[in-house]
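Let me begin by presenting the structure, written as structure tokens, before commenting on it.
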Amino acid sequence: MANQVSDEVIETIRKANDIVDVIGQYVQLKKQGRNYFGLCPFHGEKTPSFSVTQEKQIFHCFGCKKGGNVMTFLMEMENYSFYETLEFLSDRSGVELPETGIKKETSLSKENQSILSAYEWLTKLYHHLLRYTKDGREGYNYFKNRGLDDETIEVFQLGFAPNAKDFTRDFLDKKGFHQQLLVKAGLLSQQDDNSVTDRFKGRVIFPIRNHLGKTIGFGGRAIIDQDPKYLNSSESELFQKGKILYNFDLAKKHIRKKSEVILFEGYMDVIAAYQADVKNVIATLGTSLTENQAKLLKRYVDTVVLCYDADNAGVEATYKASMILRKVGCHVKVANLRDDMDPDTFIKEHGAEAFNNEVIKASNTFMSFYMRYLKKDYNLSLEGDRINYIENILKQLAMIESPIEREYYLKELSNEYDISLETLTDEISTHREKMGIRKDKREKNRYTNKTANNYTEKKLLPAFHNAERQLISYMLQDAHIADTVQRELGVAFNIDEHKIIATHLYAFYEEGRQADVSVFIDKLTDENVKQLAIKIAMTPVLEDISDKEINDYIKFIRAEANGVGNIKSLKESQKLAEQQNDPLRAAEIAMQIIDIQKQLKNTN
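Going by the UniProt record's numbering, the sequence shown opens with residue 1, and the numbers climb by one from there.
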């Protein structure tokens, strides 16, 4: 990039953004030892293989092999350009990013940039109309009648689109936006006669933001007699209902703090709960929960509380969402709504405290919900139906990892249907064996360094290879050790990639820099070498290693370089002597090979 940002500014911005804090916005990280572990956001997995080290400010996935520093992560995760990453981290940390002479790059197409700009303009316009004009009074009164205060209306930037077919069209036309682009973005609608009208006219507006807080779509609700009652922006590259969750940008920090998320069906449920100071709340966008959305939640949190309407449709939706969430590994709870109520109505009638204590905190386990849900399909006065019901319950219980939870529900079944606990336990064991589950401890140590062992080299590396990696790991964290190695060994490593890393590392320290892996890896241009350096940097090392131990590594590596090369050459000479019928020469060479091998063994 011409007129690049100086290295000093880049390093200042990077150091002002702790990698654990930034990645923690995308991944549920759990500390184990000195590192943090979580589910990798770059590939699907159920066992955490994604490791972040705060000390070295780098990450590495033992599964898909991706790794890097805080900037690498954001560029990969958000598809940001280098400058966009700097801009994001600058805004996040408050470190000023110089503007003059910097060419701003973006990963977004010009079309998508224009669409985002149009949504930004309209979000402000519709909100202003709602709050401060006569044209928006109808929408404002609707929200006030729904129990929302001005602060909440402000937080969610709620708005109103006037009931005029060309108001939005004319406003955006004056701003220089093309009509066909706005139709494609779902802001205008093209009629059968090819005329263009405002898509959301006469509706209150719920801006739908992505996880970064950018408006990418609108949800509109009719407050006059018009169909449909609810209307979303049309699907686009930026707005895909099956991948987005309403209010996720505001809820993220509260989700991490509470270690659980509450999932609703509608916008008003989320807004009412947020106003009632229950803020770890999100909703789907008028559609059923998708597996993509469930996987997104699993990255952030283990426990999902489903708080859908208590009517029949809500109960069915709760069951379907539960099965999807359990499939991706989430722990599911079901809110204790009653009397066919929806969350918004419950809060209005009973208040915030009752909602928190009687609905959310009193949530049922999935099994408690499932046992009630399944009963509607059986006539339990009939023996055959009772047996089928119990069999189906046992199949679900077999999937539960906690032996205590399994036994709790088995006792319930035993008492209610007069079946011995032993019989039920045996049946559970049979189901678990069929599922391939043999040990209850298989999930133990999910977030430990043992996770990485699942992704170790399939082929064991030679001792000298491991020694070189171990030595480089010490060099990466200590300039003094690197200086010793440079003086005693130089680049006489046996592995070419190790030679490249060492060469770059010597140059890095010669520039007067302190040990900093997250800065150093940016100096590596070959992606394979960079990923290897990151992997080596994640290698556990002793805090205090003696000069003698470092010198032992150097001697071993040097001996391997000398010995292996000589042995290979000598073996070729030995073979040639044998072909020339010179047994004395062949025997002499064999003795030389044995001597070198003894030296290598003693060095080791």
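Where is the CB? At the ideal position from N, CA and C, for every residue including glycine.
Legend entry - Residue from P583, D135, E572, L476 with nearest C-alpha to P540: The residue given as residue 540 occupies position 540 in the sequence shown. Taking only the C-alpha atoms, the option nearest P540 is L476.
Inset, instruction - Counting only the same chain and skipping the five closest in sequence on each side, list residues whose C-beta sits under 6 Å from that of Y142. - result: Here residue 142 refers to the residue found at position 142 when the sequence shown is read from its first residue. Around Y142: V204, I223.
Legend entry - Contacts around P41, its chain only, beta-carbon distance under 8 Å, and the 5 residues preceding and following it disregarded: The count along the sequence shown starts at 1 and reaches residue 41 at position 41. So the qualifying residues of the chain are Y26, V27, F50, M77, R299.
Inset, instruction - Would you mind reading off the limits of the beta strand (DSSP E) that contains T53? - result: Position 53 of the sequence shown, counted from the start, is the residue given in the question as residue 53. Note, T53: beta strand (DSSP E), 50-53.
Inset, instruction - Kindly confirm or deny that the region 251-263 and the region 223-238 touch, where touching means at least three C-beta pairs closer than 8 Å. - result: no
Inset, instruction - Taking only the alpha-carbon atoms, compute the straight-line gap between I545 and T72 and give it to the nearest angstrom. - result: Position 545 of the sequence shown, counted from the start, is the residue given in the question as residue 545. Position 72 of the sequence shown, counted from the start, is the residue given in the question as residue 72. Roughly 31 Å separates the two Cα atoms.
Inset, instruction - State whether the region 484-499 contacts the region 547-558, with contact taken as three or more CB pairs (one from each stretch) at a distance under 8 Å. - result: yes
Legend entry - Stretch-stretch touch, CB-based, cutoff 8 Å, three pairs: the region 183-193 with the region 125-132: no
Inset, instruction - Figure out for me which residue from N163, G242, E154 has the closest Cα to the Cα of S288. - result: For the purposes of this step, residue 288 is taken as the residue at position 288 of the sequence shown. The residue with the shortest Cα to Cα distance from S288 is G242.
Inset, instruction - Verify whether the separation of the beta carbon atoms of I115 and F59 is less than 8 Å. - result: What you label residue 115 is simply residue 115 of the sequence shown in a count that begins at 1. What you label residue 59 is simply residue 59 of the sequence shown in a count that begins at 1. Not in contact: I115 and F59 (Cβ atoms no closer than 8 Å).
Inset, instruction - Thinking V529 and I557 are a contact (beta carbons under 8 Å), I'd like their distance in whole angstroms, please. - result: As a working note, residue 529 is residue 529 in the sequence shown. As a working note, residue 557 is residue 557 in the sequence shown. Their Cβ separation, rounded to whole angstroms, is 18 Å, which puts V529 and I557 out of contact at 8 Å.
Legend entry - Touching by the beta-carbon criterion (3+ pairs, under 8 Å), the region 328-346 and the region 268-280: yes
Inset, instruction - Hey, could you find the ends of the beta strand (DSSP E) T197 is sitting in? - result: Counting from one through the sequence shown, the residue named residue 197 turns up at place 197. Run containing T197: 196-198, per the beta strand (DSSP E) assignment.
Inset, instruction - Give me the Cα-Cα distance between D547 and L471, rounded to the nearest whole angstrom. - result: As a position in the sequence shown, residue 547 is number 547, starting the count at 1. As a position in the sequence shown, residue 471 is number 471, starting the count at 1. Each residue's Cα considered, the two are about 12 Å apart.
Inset, instruction - Please state whether DSSP places K458 in a helix, a strand or coil. - result: On the sequence shown, residue 458 is found 458 positions in, with the first residue counted as 1. Any reading at K458 must be qualified, since the residue scores a pLDDT of 49, below 50, and its modelled position is unreliable; no value is offered.
Legend entry - Close Cβ partners of A354 (< 7 Å) along its chain, the five nearest in sequence each way excluded: For this step, residue 354 is matched to residue 354 along the sequence shown. Nothing meets the Cβ criterion.
Inset, instruction - Count the other CB atoms, across all protein chains shown, that sit within 10 Å of the CB of N35; report buried if there are 16 or more and exposed otherwise. - result: As a working note, residue 35 is residue 35 in the sequence shown. Looking at its Cβ environment, which holds 16 or more other Cβ atoms inside 10 Å, N35 is buried.
Inset, instruction - Quick one: measure Cβ to Cβ for H504 and K523, integer angstroms, because I've assumed they're closer than 8 Å. - result: Indexing the sequence shown from 1 puts residue 504 at position 504. Indexing the sequence shown from 1 puts residue 523 at position 523. The Cβ separation is near 6 Å, so the contact holds.
Inset, instruction - Within its chain, find whatever has a CB closer than 7 Å to the CB of M200; leave out the 5 residues flanking it on each side and keep chain order. - result: Residue numbering aside, residue 200 sits at position 200 when the sequence shown is read from its first letter. Per the sequence presented here, residue 200 reads as Phe, with Met not at that position. Within the same chain, F200 has close Cβ partners A161, F218, G220, L231.
Inset, instruction - Using 10 angstroms around the beta-carbon of G33, count the other beta-carbons present and answer buried if the total reaches 16, otherwise exposed. - result: Taking the sequence shown and counting its residues from 1, the one referred to as residue 33 is at position 33. With fewer than 16 Cβ atoms within 10 Å of its Cβ, G33 is classed as exposed.
Inset, instruction - Take H431 as the anchor and find which of D496, E407, Y126, E391 has the nearest alpha-carbon. - result: Walking along the sequence shown from the start, residue 431 turns up at place 431. Nearest of D496, E407, Y126, E391 to H431, Cα basis: E391.
Inset, instruction - Measure how close the beta-carbons of L89 and N17 come, nearest whole angstrom, since I'm counting them as under 8 Å. - result: For the purposes of this step, residue 89 is identified with residue 89 of the sequence shown, where counting begins at 1. For the purposes of this step, residue 17 is identified with residue 17 of the sequence shown, where counting begins at 1. Going by Cβ atoms, the distance from L89 to N17 rounds to 5 Å, so yes, they are a contact pair.
Legend entry - Buried/exposed call for T106, threshold 16 Cβ in 10 Å: Against the sequence shown, residue 106 aligns to sequence position 106. So T106 counts as exposed.
Inset, instruction - Measure the alpha-carbon distance for S117 versus I244 and round it to whole angstroms. - result: Working through the sequence shown from its first residue, we reach residue 117 at position 117. Working through the sequence shown from its first residue, we reach residue 244 at position 244. The straight-line gap from Cα to Cα measures roughly 19 Å.
Inset, instruction - Please check the pair G351 and A272, which I expect to be a contact at CB under 8 Å, by giving their CB distance rounded to whole angstroms. - result: Residue numbering aside, residue 351 sits at position 351 when the sequence shown is read from its first letter. Residue numbering aside, residue 272 sits at position 272 when the sequence shown is read from its first letter. Not a contact, Cβ separation roughly 11 Å.
Inset, instruction - Quick one: grab the DSSP three-state call for Q157. - result: The sequence position of residue 157 within the sequence shown is 157, counting from 1. Three-state DSSP puts Q157 in coil, outside helix and strand.
Inset, instruction - Classify L263 as helix, strand or coil using the three-state DSSP reduction. - result: Numbered from its first residue, the sequence shown carries residue 263 at position 263. L263 falls in the strand class under three-state DSSP.
Legend entry - For H178, the first and last residue of its enclosing alpha helix (DSSP H): The sequence position of residue 178 within the sequence shown is 178, counting from 1. Careful: H178 lies outside any alpha helix (DSSP H) and carries neither H nor E.
Legend entry - Contact under 8 Å by Cβ, L122 with T168: On the sequence shown, residue 122 is found 122 positions in, with the first residue counted as 1. On the sequence shown, residue 168 is found 168 positions in, with the first residue counted as 1. It is a contact, given that the beta carbons lie within the stated cut-off.
Legend entry - For V304 and K257, the rounded distance between their alpha carbons: Start at 1 with the first residue of the sequence shown, and residue 257 comes out as number 257. Start at 1 with the first residue of the sequence shown, and residue 304 comes out as number 304. Cα to Cα, the separation comes out at about 14 Å.
Legend entry - Proximity of E588 and N494 at Cβ, strictly below 8 Å: Translated into the one-based positions of the sequence shown, residue 588 becomes position 588. Translated into the one-based positions of the sequence shown, residue 494 becomes position 494. Against a cut-off of 8 Å, the Cβ pair of N494 and E588 comes out as no contact.
Legend entry - Buried versus exposed call for P583 [16 or more other C-beta atoms within 10 Å across all chains shown]: Here residue 583 refers to the residue found at position 583 when the sequence shown is read from its first residue. Per the 10 Å Cβ criterion, exposed.
Inset, instruction - Flag this pair as touching only if the region 53-70 and the region 505-521 have three or more C-beta atom pairs under 8 Å; answer yes or no. - result: yes
Legend entry - Neighbourhood of R14 by C-beta, 8 Å cutoff - its chain only, sequence neighbours within 5 removed: Translated into the one-based positions of the sequence shown, residue 14 becomes position 14. Correct list, in chain order: Q57, N69, V70, M71, L89, S518, V519.
Legend entry - Residue range of the unbroken alpha helix (DSSP H) whose run includes P343: As a first step, residue 343 is located in the sequence shown; it is residue number 343 there, counting from the start. Counting along the chain, the alpha helix (DSSP H) containing P343 begins and ends at 343-350.
Legend entry - Where M435 falls, given that 16 or more other Cβ within 10 Å makes a residue buried: Within the sequence shown, the letter at position 435 stands for residue 435. Result: exposed.
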